[in-house]
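Residue numbers (full-length UniProt numbering): 1 to 73.
The structure is reproduced here in structure tokens:
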């Protein structure tokens, strides 16, 4: 699978990702600083500026999706 060009996509801040996922921004920051990191992939532009590719957030969210019809007991 070919990865999309990052320069062509939509970029989201920590606060925007948190709002999309209905979690507090501190949760997104905690995912990012966990060892090993959790949550969607991110790009540190500087020490204080972190951005997330909307495509990466979508891919990460899809990878966590559970389809009850496909879960075996």
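Positions of the beta carbon are idealized from the N, C-alpha and C atoms, including for glycine.
State the CB to CB distance for the pair residue i and residue j, rounded to an integer number of angstroms; the pair is presumed to be in contact (CB under 8 Å).
| i | j | result |
| --- | --- | --- |
| residue 82 | residue 54 | The structure shown has nothing for residue 82, since the chain only spans 1 to 73. |
| residue 51 | residue 43 | 5 Å |
| residue 18 | residue 25 | 4 Å |
| residue 39 | residue 48 | So it is not a contact: roughly 18 Å between Cβ atoms. |
Let me confirm a value: residue i is counted as buried when at least 16 other C-beta atoms fall within 10 Å, else exposed. Which label applies?
| i | result |
| --- | --- |
| residue 10 | exposed |
| residue 28 | buried |
| residue 14 | buried |
In this structure, does DSSP put residue i in helix, strand or coil?
| i | result |
| --- | --- |
| residue 41 | coil |
| residue 51 | strand |
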